Amino acid sequence: MGHTASVHDSTAFKSTALYRNFNSHFDPEEYVLADRAYPLEQHIITPFQETTSRQPMDAAFNYELSVPRRKIEHAFGVLKARWPTLSNIPVRINTDKEDGHQRVIDWTMACLVLQNILHDMQDDSTWLQE
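The C-terminal residue of the sequence shown carries number 130 in full-length UniProt numbering, and the numbering is unbroken.
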């Protein structure tokens, strides 16, 4: 069930339930924004390749596509900066067992919940003193 760390993200993505059952997770007009390393598919939007397209509209599209992607990457950077364990979750993933995968999911979800709580508190550190 899993991949090694050396497997490209697009390869790992193709083995997910999200990819295999995209229509059950998203409406027809919803898309995943991806970088050039991912293949262009029905529900995956990727930038135009700079080597094959020199049209001004393509460059403008690539720029507009990069804006939300940069915000997403920034959000992941903030999350990993606050919760450094996300960069190296101390869980051994065994392909024979699913509990390692579930622990990584649970660990990540816990960090996301805590991040959202802190965000809602506007990072008010007064709770640390209680």
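No residue lacks a Cβ here, since even glycine has one placed at the ideal position from N, Cα and C. In this text, all values refer to a predicted model and were calculated from it rather than measured experimentally.
Pairing arginine 103 with valine 91 gives a Cβ-Cβ distance under 7 angstroms. The criterion of a C-beta distance shorter than 7 angstroms is not satisfied by isoleucine 45 and tyrosine 63. Alanine 75: member of the alpha helix (DSSP H) spanning 56-82, first to last residue. As DSSP reads the structure, valine 32 sits in a beta bridge with Ile44. Excluding five sequence positions before and after histidine 119, none of the CB atoms of its chain fall closer than 8 angstroms to its own CB. Around the Cβ of alanine 34, a 10 Å sphere holds 16 or more other Cβ atoms; the residue is buried.
In this model, alanine 60 and methionine 109 are separated by some 35 angstroms (Cα to Cα).
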